[in-house]
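Numbering-wise, the sequence shown is residues -16 to -1, 1 to 83 according to mature numbering (1 follows the signal peptide of the UniProt record, and there is no 0).
Don't be surprised by glycine CBs; every beta carbon is placed ideally from N, CA and C.
All values derive from a computational prediction rather than experimental measurement.
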Amino acid sequence: MINVLLLVHLIEKAETVWSQIEASLKQIEIGRTEVECFKALKRQEEMAATFKKKNQEEEVSKQKEREWKLHARYENLLSTFQKGKEIMVGFRVLETSGH
């Protein structure tokens, strides 16, 4: 009788331990899935970051080119204004000396 009770107790204990092992294996599988998801997200973020960096570098380059063109245009307009100012001064000199 004691042997039967001991055997029943051992079987119940084994079932409990087996249930705990199954729960642990399930958590390991969930953890593995989570790690794979995070790795995939990391790869996507790295690709997005590379794309964003390249895009920003292109935008900076375009902006520098626009600023260079605007600066050249400003210099040209300033030169034209200066020439116009000199012409106006010349006309005033002629106008005042002619009267």
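In whole angstroms, give me the CA-to-CA distance for residue i and residue j.
i, j, result
"K10", "S3", "10 Å"
"R16", "S8", "12 Å"
"K38", "L25", "20 Å"
"I(-6)", "E6", "16 Å"
"I12", "C21", "14 Å"
"R27", "Q47", "30 Å"
"A(-3)", "V(-9)", "10 Å"
"V(-13)", "K23", "52 Å"
"T80", "G74", "10 Å"
"E43", "E49", "10 Å"
"N60", "E29", "46 Å"
In chain order, what residues of the same chain have a beta carbon less than 6 Å from the beta carbon of residue i, not counting five sequence neighbours either side?
i, result
"M(-16)", "none"
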